[in-house]
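Enquirer: Please read through the structure below; I'll follow up with questions.
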Amino acid sequence: PVGKAAGESSRPHPSSSMFLRSFLAAAAVGGALMSAPADAAPALRPAFVAPSAALQNKLPRGSALGRRSALVGPKMQEGSTAIDSALLSRAEAMDRSKNNKYEWEWGNRQDFTTDWTSIKEEFVKNFGVSADQWDLISKEDLLKGYGMMQLSRLFENACNQAYMQGHIRGFMHLDNGQESIPAMIYDTQTKDDKKHSYYREHTHALASGIDPGAIMAELWMKEGGTCKGTGGSMHIYDVETNFQGGWALVSEQLAYATGAARSILMDRLNYPEQYKDDKRMTVVFVGEGGAQNGRMAECLNAAAKEKLPILFLVIDNGRAINTFTPDVATNNDIYKLGKHYGVPGLKVDGTNAVDTMRAGRAVTDYVRNQGPAIMQVHTFRFNGHSPADPEHERGRKEEKVWARASADPITHFEQVAVESGIATEEELAAVKKEQQAAVKAAVKFATDSPFPPPPVPPRA
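Residue 282 in UniProt numbering sits at position 282 of the sequence shown; the count goes up by one each step and never skips.
Laid out in structure tokens, this is it:
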């Protein structure tokens, strides 16, 4: 660790505190179901396709191809020799990268494969409307989503470095590996929409449009932060973008977000002329473990009763801190929890940023116009629960090796973009360079920003 800045407290670093060790030892609960859609684009676009039945029968159980389809040219037809060759080549490379070890040996998570066509069929079945209009996403929007993924990854890496150097203290939770979610939020949400995150909130704040420097300064406990250094990593708030902060207590944000969604309806009721064209909505982030909290059922009931414009975005990384959610949950299909209340749901593979953005557009359009919905995004968290987490839980190290090689949404998008002609390597490099500059500027802003003045002592 570097030397402490003038005026900085000399209290022990949180990673050595007994409280944090005790906290990390406590396991929350949740539910997780693996979902792995593959991109099936229209005829004028290269497509993600599933392997033919003949090829599927040849693949070993647990093959990477069983989870992730490969990209092929637009003129190839499903089941052809050319497609089988391309898919098998990609699968073999992915299998080598995971060292032939992963969850299928331990049975921790279920294997699931789908494609965009299947997602649309599920959407029609559950939501009662078509998702065909979301087939195409423009190159400009895709590159914006990629830029948000790069900004999120680079920002979190800078946070991790600053934490190890002692600039950031207290609890901190990084979002590496889950970048398709901020890409989707950036693509679908406006500054007028209300966002309620949880303790792993940095990238959600970025996707809401908050200045990276203000977020970084908040983490550094500096005056230039969103809350002048008083909120820290888990409590970022911003009035301009309606980012209603992170919540340290698991699932507590659910009730507040439901109330915020109701306030939107109250605005429309009390001021009909002013809000006659109002399409605002609320999105609330919750882990698959937190979704088992009793608040989830209460809020689904309240949202369904009044058809509140709220999206329950379930981030399913298969871990409730260090507890495998299938070990403690009988229902791993979080997106189906709303069925009893008449709240539709959908699950997508967070490794596939394109399908996550497509599904996000379809679901948010439904929420804006009809009512509440659940969207479950299957992801892999690359880092521990926090930087202080040694990650020694069973199978975690092997899973990380596999996930970083085969389930990285950024790498996956880059392969899609280049192989399909959506973007060149030079264009992607330019986007990454731009975000590197943004993160560098954010760190400089946090470094230069002064600490807040000491509190005024109470009068005697």
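Note that CB positions come from ideal geometry on N, CA and C, so glycine has one too. Please read all numbers here as calculations on a predicted model, not as lab measurements.
Would Leu269 be called buried (16 or more neighbouring beta carbons within 10 Å of its own) or exposed?
Expert: What you label residue 269 is simply residue 269 of the sequence shown in a count that begins at 1. Classification for Leu269: exposed.
Enquirer: Assuming residue 469 and Ser251 are in contact, meaning their beta carbons sit under 8 Å apart, how far apart are those beta carbons, in whole angstroms?
Expert: Nothing can be reported for residue 469, as the shown portion of the chain is limited to 1 through 460.
Enquirer: Quick check on Met34: buried or exposed, where buried means 16 or more other Cβ atoms within 10 Å of its Cβ?
Expert: To locate residue 34, count along the sequence shown from 1; it is residue 34. A caution first: Met34 carries a pLDDT of 31, below 50, which makes its placement in the model unreliable, though a value can still be read off. That one is buried.
Enquirer: For the stretch 169 to 186 against the stretch 222 to 230, are there 3 or more C-beta pairs whose distance is under 8 Å?
Expert: Segments in contact, no.
Enquirer: Taking just the CA atoms, how far does Arg459 sit from Thr356?
Expert: The residue labelled residue 356 in the question sits at position 356 within the sequence shown. The residue labelled residue 459 in the question sits at position 459 within the sequence shown. One C-alpha to the other measures close to 55 Å.
Enquirer: From the DSSP output, read off the bridge partner residues of Thr379.
Expert: Translated into the one-based positions of the sequence shown, residue 379 becomes position 379. Answer is none; Thr379 lacks a bridge partner.
Enquirer: Could you tell me the distance, in whole angstroms, from the CA atom of Val377 to the CA atom of Val348?
Expert: Indexing the sequence shown from 1 puts residue 377 at position 377. Indexing the sequence shown from 1 puts residue 348 at position 348. Going by the C-alpha atoms only, they are around 5 Å apart.
Enquirer: Which residue's Cα is closest to the Cα of Phe123: Val283, Arg361, Tyr341?
Expert: Translated into the one-based positions of the sequence shown, residue 123 becomes position 123. When each option's Cα is compared against that of Phe123, the closest is Arg361.
Enquirer: Helix, strand or coil for Phe451 per DSSP?
Expert: Position 451 of the sequence shown, counted from the first residue, corresponds to residue 451. Here Phe451 sits in coil by DSSP.
Enquirer: What first and last residue would you give for the beta strand (DSSP E) that runs through His196?
Expert: The residue you call residue 196 lines up with position 196 of the sequence shown. First-last of the beta strand (DSSP E) with His196: 194 to 196.
Enquirer: Got a sec: is the Cβ-Cβ distance from Lys228 to anything in chain B below 8 Å?
Expert: Within the model displayed, chain B is absent; a lone protein chain is all it includes.
Enquirer: Bridge partners of Ala320, per DSSP?
Expert: For the purposes of this step, residue 320 is taken as residue 320 along the sequence shown, with counting starting at 1. The partner list for Ala320 (beta bridge, DSSP) reads Thr323.
Enquirer: My parser needs the beta strand (DSSP E) runs of 3 or more residues fully inside the stretch 155 to 211; what are they?
Expert: Within the stretch 155 to 211, the complete beta strand (DSSP E) runs of at least 3 residues are 194 to 196.
Enquirer: Comparing C-alpha positions only, which one of Ser180, Tyr275, Ala205, Asp316 sits nearest to Lys191?
Expert: Translated into positions along the sequence shown, residue 191 becomes position 191. Minimum Cα distance to Lys191 is reached at Ala205.
Enquirer: How long is the line joining the alpha carbons of Asp327 and Asp277, rounded to whole angstroms?
Expert: By one-based count along the sequence shown, residue 327 stands at place 327. By one-based count along the sequence shown, residue 277 stands at place 277. Roughly 46 Å separates the two Cα atoms.
Enquirer: Indicate the three-state DSSP secondary structure (helix, strand or coil) for Ala423 in the structure shown.
Expert: Start at 1 with the first residue of the sequence shown, and residue 423 comes out as number 423. Here Ala423 sits in coil by DSSP.
Enquirer: Taking 8 Å as the cut-off, decide whether the C-beta atoms of His428 and Ile374 are in contact.
Expert: Within the sequence shown, residue 428 is the residue found at index 428, counting from 1. Within the sequence shown, residue 374 is the residue found at index 374, counting from 1. At residue 428 the sequence reads Leu, which differs from the His that was named. No.
Enquirer: How far does the alpha helix (DSSP H) with Gly259 in it extend, from its first residue to its last?
Expert: Reading the sequence shown from its first residue, position 259 is the one you call residue 259. Taken as a continuous stretch (DSSP letters only), the alpha helix (DSSP H) holding Gly259 covers 252 to 270.
Enquirer: If we count the other Cβ atoms within 10 Å of its Cβ and call it buried at 16 or more, is Ser138 buried or exposed?
Expert: Reading the sequence shown from its first residue, position 138 is the one you call residue 138. With fewer than 16 other Cβ atoms within 10 Å, it is exposed.
Enquirer: I need the boundaries of the beta strand (DSSP E) containing Asp349, first residue and last residue.
Expert: Here residue 349 corresponds to residue number 349 of the sequence shown, with the count starting at 1. Per DSSP, Asp349 belongs to the beta strand (DSSP E) from 345 to 349.
Enquirer: Looking at C-beta atoms only, is the number of pairs between the stretch 415 to 423 and the stretch 173 to 188 that lie closer than 8 Å three or more?
Expert: The stretch 415 to 423 vs the stretch 173 to 188: no contact.
Enquirer: Would you kindly work out how many angstroms separate the C-alpha atoms of Gly342 and His202, rounded to a whole number?
Expert: Residue 342 sits at position 342 when you count from the first residue of the sequence shown. Residue 202 sits at position 202 when you count from the first residue of the sequence shown. Each residue's Cα considered, the two are about 32 Å apart.
Enquirer: Closer than 6 Å by C-beta to Val367: which residues in its own chain qualify, once you throw out the five before and the five after it? Chain order, please.
Expert: In the sequence shown, the residue the question calls residue 367 occupies position 367. The residues are Met281, Pro309, Leu311, Ala373.
Enquirer: Tell me which residue opens and which closes the beta strand (DSSP E) that Val286 is part of.
Expert: As a position in the sequence shown, residue 286 is number 286, starting the count at 1. Residues 282 to 287.
Enquirer: Take Thr261 and list the residues in its own chain whose beta-carbon comes closer than 6 Å to its own, dropping the five residues that flank it on each side.
Expert: As a working mapping, residue 261 is identified with position 261 in the sequence shown. Note that residue 261 is Ala in the sequence shown here, rather than Thr. Answer for Ala261: Thr282, Leu308, Pro309, Ile310, listed in chain order.
Enquirer: Run through the DSSP bridge pairs and tell me what Leu311 is partnered with.
Expert: Within the sequence shown, residue 311 is the residue found at index 311, counting from 1. Val283, Ala373, per the DSSP bridge assignment.
Enquirer: Got a sec? Which residues, its chain only, sit under 7 Å from Asp175 by beta carbon, not counting five neighbours each side?
Expert: By one-based count along the sequence shown, residue 175 stands at place 175. If we look at Asp175 and ignore the five residues flanking it on each side, its Cβ neighbours are Ser152, Glu156, Arg200, His202, Thr203.
Enquirer: Measuring from the CB of Asp192, is there a heavy atom of the ligand MG at a distance below 7 Å?
Expert: The model on display carries no ligand, and the ligand MG is accordingly not part of it.
Enquirer: In the DSSP assignment, find the alpha helix (DSSP H) that holds Ala403 and state where it starts and stops.
Expert: Residue 403 sits at position 403 when you count from the first residue of the sequence shown. First-last of the alpha helix (DSSP H) with Ala403: 396 to 406.
Enquirer: Assuming Gly371 and Thr325 form a contact by the criterion Cβ under 8 Å, report the distance between their Cβ atoms to the nearest whole angstrom.
Expert: Translated into positions along the sequence shown, residue 371 becomes position 371. Translated into positions along the sequence shown, residue 325 becomes position 325. Between Thr325 and Gly371 the Cβ distance is about 27 Å, and since that is not below 8 Å, they are no contact.
Enquirer: Please report how far the alpha carbon of Gln133 lies from the alpha carbon of Ser197, in whole angstroms.
Expert: Within the sequence shown, the letter at position 133 stands for residue 133. Within the sequence shown, the letter at position 197 stands for residue 197. C-alpha separation (whole angstroms): 29 Å.
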